[in-house]
Amino acid sequence: MTLTSSTSIPSASLTGSTPQYLIFFSSGNPPWCPDCVDAQPAINHVFGSSTADAHTVLVDRPDWKSPDNIFRTQFSITCIPTITKMINGKEVARIEDAECKTIDSVTKFIQ
Numbered sequence: 075m076t077l078t079s080s081t082s083i084p085s086a087s088l089t090g091s092t093p094q095y096l097i098f099f100s101s102g103n104p105p106w107c108p109d110c111v112d113a114q115p116a117i118n119h120v121f122g123s124s125t126a127d128a129h130t131v132l133v134d135r136p137d138w139k140s141p142d143n144i145f146r147t148q149f150s151i152t153c154i155p156t157i158t159k160m161i162n163g164k165e166v167a168r169i170e171d172a173e174c175k176t177i178d179s180v181t182k183f184i185q
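So the mapping is simple: the working numbering equals the position in the sequence shown, first residue as 1, plus 74.
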């Protein structure tokens with residue numbers, strides 16, 4: 075598994091025919107978002123034991139609250155956590171919020 079984190083979206087995640095996963099998640103340790111706190115164990119477990127390429131995009135609270143946030147405008151992210159599956163630069167699937175909180179749902183998503 076390749077799992078990286080930053081506050082921006084890597085260009086490598088937007089190209090290629092191999093599935094790339096973008097995990098939109100709150101910043102902070104612990105994360106400021108309670109839903110992200112709840113989802114963190116499942117996401118860490120699944121992606122930690124997977125060969126999937128994933129990139130965690132950390133979202134600061136002030137940025138998240140802005141309606142002009144690039145994640146809201148460019149990727150139509152309405153809640154965090156959200157995991158998107160990208161192939162050839164296009165989103166082909168996503169799971170959001172409660173779906174990110176169980177090992178079963180995250181595992182099924184990346185299979």
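Yeah, the Cβ is synthetic: ideal placement off N, Cα and C, and Gly gets one too.
For ASP134, no alpha helix (DSSP H) segment is defined, and its DSSP state is neither H nor E.
Going by beta carbons, ILE161 and HIS119 fall outside the 8 angstroms limit. The three-state reading of DSSP puts ALA128 in strand, counting E and B together.
When DSSP states are grouped into helix, strand and coil, LYS175 belongs to the coil group. With 16 or more other Cβ atoms inside 10 Å of its own Cβ, VAL131 counts as buried.
In the DSSP annotation of this structure, THR147 is not part of any beta strand (DSSP E); the continuous alpha helix (DSSP H) holding it starts and ends at 144-149.
Beta-bridge annotation (DSSP): ALA167 is paired with LYS159. Where GLN94 is concerned, the enclosing beta strand (DSSP E) starts and stops at 94-100.
Per DSSP, the unbroken alpha helix (DSSP H) holding GLY122 starts and ends at 108-122. When DSSP states are grouped into helix, strand and coil, ILE184 belongs to the helix group. The beta carbon of CYS153 sits closer than 6 angstroms to the beta carbons of GLU170 and ASP171 from its chain, once the five residues preceding and following it are set aside; these are given in chain order.
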